[in-house]
Structures are given as C-alpha cells and as structure tokens.
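2 protein chains.
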Amino acid sequence: MAVKIIDGGINAPEGFMAAGLRAGIKEGKTNKDMAMIYSTVPATIAGTFTRNLVKAAPVKWDSKVVFEEGSAQAVVVNVAIANASTGAPGFKDAEDTAAYTAESLGLKKENVLVASTGVIGFRLPMDKIKKGIDMLIPALSYDRQAADDCATAILTTDTHKKEIAVEFEIDGKKATIGAICKGSGMIHPNMGTMLSFITTDVAIDRDLLQKTLREVVSKTFNMVSVDGDTSTNDTCIILANGLLKNKKIEGESEDLEEFKAALYTACEYLAKNIAKDGEGATRLFTAHVTGAPDYETARILAKSIITSSLSKAAIFGRDANCGRIMCAMGYSGAEFDPEKTDISFSSSEGVIQVVKDGMNTDFSEEEALKILTPDEITAECDIKSGSAEATAWGCDLTYDYVKINADYRS
Amino acid sequence: MAVKIIDGGINAPEGFMAAGLRAGIKEGKTNKDMAMIYSTVPATIAGTFTRNLVKAAPVKWDSKVVFEEGSAQAVVVNVAIANASTGAPGFKDAEDTAAYTAESLGLKKENVLVASTGVIGFRLPMDKIKKGIDMLIPALSYDRQAADDCATAILTTDTHKKEIAVEFEIDGKKATIGAICKGSGMIHPNMGTMLSFITTDVAIDRDLLQKTLREVVSKTFNMVSVDGDTSTNDTCIILANGLLKNKKIEGESEDLEEFKAALYTACEYLAKNIAKDGEGATRLFTAHVTGAPDYETARILAKSIITSSLSKAAIFGRDANCGRIMCAMGYSGAEFDPEKTDISFSSSEGVIQVVKDGMNTDFSEEEALKILTPDEITAECDIKSGSAEATAWGCDLTYDYVKINADYRS
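Residue numbers (my numbering), protein chains in the order written: chain A, 124 to 533; chain B, 124 to 533.
See below:
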C-alpha cells in the first residue's frame, strides 16, 4: 500500500487527543497561544533539537526526557515567550510546567514534554501557564476541531497552520501518522525545526525510532531555510504509542521502509510549507541539485542556494539572475566544476535553461519572467559529476520580512 | 610619528597617477564606469582574492600577475559587467584588456592588473573597453581631481566614494599610503573585498608585503558583511613603488610596525565605510566581542552577530532585541558560555546594558530606543573568559536592500 494523505491532524493516530486555546500569555495578543497533545498510553519517543549553543530551557528539559526516559504521554506548548536565555530559573519554569501537567494527568513529570517559542530573554508567566494547563486538559479531544485548534495554537508569525496526516500499511494493518509544525522566522534548522510534533500508533523500537527520525529530519526540516538564523528552540518530537498492535518494528524490514516513507511524506510536506510560509515570503524557492558525486556535495550546494540573500531577493523580483546562484554555489564550500554546471528555472509555466557549462545561455528574458511568476519556483542545477542529488526549500526575501523583523518585539 | 589621515586619494604617494571616466559600458548608465591607476616605475605588488570557487576572469588573471610576476605598473577597472562565469573566452577578454593597456603604456601585459565588477554571466564589450583605455591613458594625472574621478568610477550601488590617504614615517622619511575601494552588495569578503586598491611609495620586500596585506585584510575587510554573500570578484591589491627611497623593509622592525599600522588605518577606514554604505543601509552596525580566550573565538562571534539577518533587521527597527544577538552567537560555532555573557548597546547617545550573565536586564526601553537611534550602533559583548577581542562591521537590513536586489539587473 502506498502512503496516502488523509484529512486529519495530530490526533489522527489511535489513542491521541489534542487541544489548543487562548491562555492570554501575551497581553494584547488575541489568538490561541497554548496547545496540548496527549496519548492515552505511554508512547515511545524520539527527538531532534537545535545545535545552537544557546539552548532554550524547554529544549534542555525535553533532551532529558527523550534521551534519559525515552517515553512520554503529553506535550505542552506555549507561544509568545521562548523561555531562552533565562538561566536556571527558566529551566525551573520548564520543569514546573511539566510537573503541573503531570500532576493533573496522573503522570510523572519526566513523561511530559514542554515546548516554547517567542521572544528570547524573558521568563514565562507561570500563573498564566498553569491556568492554561487547567483549561487544556478538559479540552483534550479526539475530534477534528481539536486537532485544528492544536495546530493553530502553536503558530506565531505563520500565516496558516501546517498539519498533515498520512495512512500506510504496517504488518497488514492500517497505520497512521499525524504531524504539525510552525515556522516562520529564525528558521535555518540544525537538527529539527522550530517546533514540530509527530504522532503515530505504530509500535517501534526506541533506538530505531530515533535513528529513523534523525535520517528523515536531515533530509526534510534540515533542508529548509527562511533566514539563515538557527533558532535556540528548534524541536522535533515523535510519539509512537503502539496502539496499532503491530509486530513491533525492531530492525531493517519492509515495515521499517514503509514507516520511513510515511514519515518522510509527512516531514517533507511540513518542511515545504515552512519555507513557503517563511516570514514575508511570496514564493516557495526550491533548489534541486543533481549530478553530484555524493549526497553531501548536493546537500551543501542546494542549501547554499536557498540561503543566499541575493538569490532570494532576485526570486522576489522575478529576476532570472543566474549569476547569484552560481555565486552561492561557489562560496558554499562544496567542490564542483563551475564550467560543467547547467542551471534551469522551472515552475508551472515551464522550464528555461539559463546556464550551460557555467556560462549564460542566450535565454529570452520575457520567457524567464513568465516562468518566474508563479508562487513555486525551482532552480534545477546539474553539476554533471555523478548521480547523487538533494533538494532544499527556501523562500524569497521581501520587504515584509524586513518589516516583520524590524520591530519583532512590539 | 603617528599615522595621520591627510586629504588625498589613490595618487597621493609619490609616482602614482590616476584617472576615471565614462566609457559607456552599460547602456543608459550615466556615471563613470572605467578607472586606471598607474605607477611611473615598476611597483612590488601583493594581493588577496576571493575564496569563492567561482572566480571571475580578472581574479584569475590578477592571481597570476601577483603570485607569478610580483610586480606591476598599471591597474584597469571596469564596472557594470563582472566578467564572471564567462569561461575561457572571459579569461581571454581579461588578458586582452591587460595586453591592450600594456601596449599603449609600453609595458608587458603581465605587469598590468585588471578588475571588473557588475553582473555575473555576461561578456565584456571589448570595443568599449578598448576605447575606454584609449581615453584613460591621456587622462592619467597626479592631481586631486583625478584621484576623485578614479575613486568615483569604480562605484556601483555605493552611494559615496570610499578613499583615504595617510602619512607616516619610515626610515626618517615621510611615507604615504593611498587607498580606494567599492562595496556595497554581495559583500561578505573572504580574502579581500569586492574591489580595493592601495598604493604606497614605501620600499618593502615582496613576501613581507604579501604577509602584511593578508594580516591586515583578515582583521579589516574580512570582518565586514553586508549580506553574507561572498562575491566572485573580491580583490584587494597593493602596489608599493619604492619611490620613498627608504632602506627597504625586509623583516621585523619598527619600520614594518609603522607601515602595518598605517595600512591598518587605511583598510579599517575603508572596511567601515563599506559596511556603513551597504546596500540599502541606514546604520553602521559594529559588533565588538571582548573577554574571549583567543582571537579566533572573538572573530567568529563578532562576524556571526553582524551577519545575522534577524539582528540586522532589529537594528533597522531600533529594537534592543538582544535575544537575536545571543542567538547569533549561539549558532556561530564558537565555544563560549552563554550564562557568562554580558551585552550592551552603545552609540553617541550613550551605553545601555541589556544582558547580564546571559539574562535580560530590566533595561529601560525608552533609553534603549534613544541609544539605538544614531546612525552608528555598537553591540559590546563580553564573554568573560579571557582577554582576546575582535571587531566586525555590518549594517542594518532594510526595505531598500530588498528593493535594490529584487531587480538588480534592470
């Protein structure tokens, strides 16, 4: 059975409930700002976290839970305050959030994950957080609306929610993955994106789950950049509660391949949507590098292209400025032969080759403008030195990105 | 004698002439677009060039001249077309430019340096280049206006010329350095900035000149970033013609220290001005990192701060968002203890401490706004782990940066 996208959200897999609502964490902010995910039974967990040396308190707490406990039943999320650069008192706030939730749900605190996103350098308003938890627990539900509330509550400058649910077959049974995430600034993930939560009913060995998550994250979330700034709060967590009651996946097998394919589908979908909904973005800008001697070379080149401010500004201006792309490939650090490089731009309007063997083709500017007009543009770069390839997703650099970030805290 | 800034430009040192004029290389462009620097006697030369793998043709030609010949008498510069990604025909164009100039001046082509800046991927209009050379040679002059023309002719999106001349003492004689450069986009130099030319009448050993230039460039031009994009054309060349007739500087000595100090003064001045005049910039944004265990740690941290899109946008918005700075330090790759870090903002309006031991201080937003209003802002970061320090220069990220680069080629 192929992986199939279904209508559903984070509570689509068996035994998962969700909630999202407004707890009033930031004065004047009128949208939802707290969310909870709950599994009725203990779930095996895996996670990837930011490699930024300045790690937010919830990242420190969750690393402990993921790598020391390996099992959890609840995730509590707040927006508006990142609880980063808050020292030991901030870590205590994260721990207290877990403890307060655990007490109400009859769990131990080490089985509760917490996540925060927002402004760096400020303490959490713990009274409001606790009131939020008091409201979230009775709101937990299996219904579609609850999934929607949960996906919406974790957003900040995102313009739309990012969720997906997929069905696939494991051990002859219909398995499900649900996943949500948020962008949309300070996005240049290094071991997970800003905040992403994934649920599944599949039974899988803990180490294998961690290994699979890392592999999929490295090719999806870690290939996205909005602005080159790696956040202090990047977190991607998966909870696998095993309620599918499949024969537990414990090693290389068809079931593992099927699970990995489904997880890849979910993560790629979310990663692309983070890029497309990047702060101020008007276009999804994809770089697809082919003909590389190895994956690492292709990966470095693709990510350098979509991270370049100049390439991003050119895409905003619908300018087929292939020199910006050659330049970004050149300073990426990857080895390749510029004089063997071909570059084309493609979109729903067609394909146009702009560079052949490292030199501009005599392309039609009129045709190029037409192809660069739709809201999804791909730069196809063939370095003609092998068969490895990689894809990275970014967005254009716009006036609105500057506007959003010039006065982010107000 | 201390290093003294004097009124003068690239032809201030003995025996150097300059010229700048309009050769009409780009249709519709009305300002000057070609420049020439000439030494009446052969000059010892040294240079640093881009580390971008995609190197422009003039960079390849000049590398040959600098590292194989070590001596030159003339530099020819054009703007509008970068002569990058132009393959073997582009290299031939660079060589022909040198040969044509050499013939007219009675030199051999290997003693003529060439430099180009502008759009990547297009061939030079050689007929116009040759006509430009024909006009430049008779225009070469020792006068102040000629220096001004030369400094102006190499500009692209720069809003003002960048030139300096300094006097200092070598071997009991009054020595001079003249220097010019251009910015102002695709600026994230790695071994030299976009285009910088330095002249001096000092007699100095060739290897020592190269070593001294590298050292000074690494602490000045290489500490500037406008947009994180390392150009294909970065070039910094110094010509030392020895007409001061000082006892040649051949090793560690007071004279070498004096020369290095003078060169540092000139390069730091130009580097700061590139940052301040970055595309679309309204503010010079300096990061000064102190208390580091070694220079390298301080250097990586300082450069990461001024390269961060989010920090740059906050400076544009006069937002004392110290979380952006902590975040940029955290992902820089340098080792430091976030919980020992202090951060202050300073300007002509005063100083305000915003982070103490990694946590936000309870600073006055009103006071911070006042301090962030002038057009030169410094972030002072003390990591309290040693006595090494470094400075990096950048600019804010503004609507105009996006505007300039969204349709750069038009």
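Using N, Cα and C, we set each Cβ at its ideal position, and we do this for glycine too.
- Those residues of the stretch 175–198 of chain B placed with their C-beta closer than 7 Å to a C-beta in chain A are 175, 176, 177, ordered along the chain.
- Between residue 491(B) and residue 466(B), the C-beta spacing is not below 8 Å.
- If you draw a straight line from the Cα of residue 438(B) to the Cα of residue 218(B), it comes to about 44 Å.
- Closer than 8 Å to the CB of residue 249(A) there is not a single CB belonging to chain B.
- Here residue 475(B) really is in contact with residue 494(B); their C-beta atoms are around 5 Å apart, less than 8 Å.
- Taking all protein chains in view, the Cβ of residue 268(B) is surrounded by fewer than 16 other Cβ atoms within 10 Å, so the residue is classified as exposed.
- Interface criterion not met: the Cβ of residue 504(A) is under 8 Å from no Cβ in chain B.
- Here residue 431(B) is buried. Its C-beta has 16 or more other C-beta atoms within 10 Å.
- The stretch 410–425 of chain B and the stretch 448–458 of chain B touch, with three or more beta-carbon pairs separated by less than 8 Å.
- Under the Cβ criterion of 8 Å, residue 143(B) is not counted among the residues facing chain A.
- Secondary structure note for residue 291(B): its beta strand (DSSP E) is the uninterrupted segment 285–293.
- Interface with chain B (8 Å Cβ-Cβ cutoff): residue 243(A) is included.
- Following the DSSP letters along the chain, one finds residue 407(B) in no alpha helix (DSSP H) but inside the beta strand (DSSP E) bounded by residues 407–415.
- Pairing residue 211(B) with residue 168(A), the inter-Cα distance amounts to about 56 Å.
- Contact of residue 352(A) with chain B is assigned, a C-beta pair being separated by under 8 Å.
- Just measuring C-alpha positions, the residue of 132(A), 164(A), 148(A) sitting nearest residue 157(A) is 148(A).
- Using a Cβ distance threshold of 8 Å, residue 136(B) and residue 401(B) do not count as a contacting pair.
- Within the same chain, and ignoring the five residues on either side of residue 435(B) in sequence, the residues whose Cβ sits closer than 6 Å to its Cβ are 519, 520.
- Within the stretch 412–434 of chain B, the residues whose Cβ lies closer than 7 Å to some Cβ of chain A are 431, 432, 433, listed in chain order.
- Close partners of residue 451(A) in chain B (Cβ separation under 8 Å): 352.
- Taking the CA atoms as reference points, residue 348(A) sits about 48 Å from residue 325(B).
- The alpha-carbon separation between residue 447(A) and residue 479(A) amounts to approximately 15 Å.
- Among the residues of chain B, those whose CB is under 7 Å from the CB of residue 462(A) are 210, following chain order.
- Annotated as proximal: residue 359(A) and residue 344(A), with beta-carbon spacing under 8 Å.
- Listed in chain order, the positions of the stretch 332–361 of chain B with a beta carbon within less than 8 Å of a beta carbon of chain A are 350, 351, 352, 353, 354, 355.
- Pairwise C-beta distances place the stretch 185–196 of chain A in contact with the stretch 232–244 of chain A, as three or more of them are shorter than 8 Å.
- Under the DSSP assignment, residue 393(B) falls in the alpha helix (DSSP H) whose first and last residues are 377–399.
- Under a 10 Å Cβ-count criterion, residue 288(B) is classified as buried, with 16 or more other Cβ atoms of the shown protein chains found around its own Cβ.
- Distances from the alpha-carbon of residue 468(A) to those of 453(A), 484(A), 461(A) put 484(A) closest.
- In the displayed model, residue 227(A) falls within a helix according to three-state DSSP.
- Not a single CB atom of chain A sits nearer than 8 Å to the CB of residue 161(B).
- Counting other Cβ atoms within 10 Å of its Cβ, residue 125(A) stays below 16 and is therefore classed as exposed.
- For residue 499(B), the three-state secondary structure derived from DSSP is strand.
- Bridge pairing for residue 200(B): 158(B), 238(B) [DSSP].
- Cβ-Cβ separation between residue 355(A) and residue 173(A): approximately 6 Å, consistent with a contact (criterion under 8 Å).
- Exposed is the label assigned to residue 487(A), since fewer than 16 other Cβ atoms lie within 10 Å of its Cβ.
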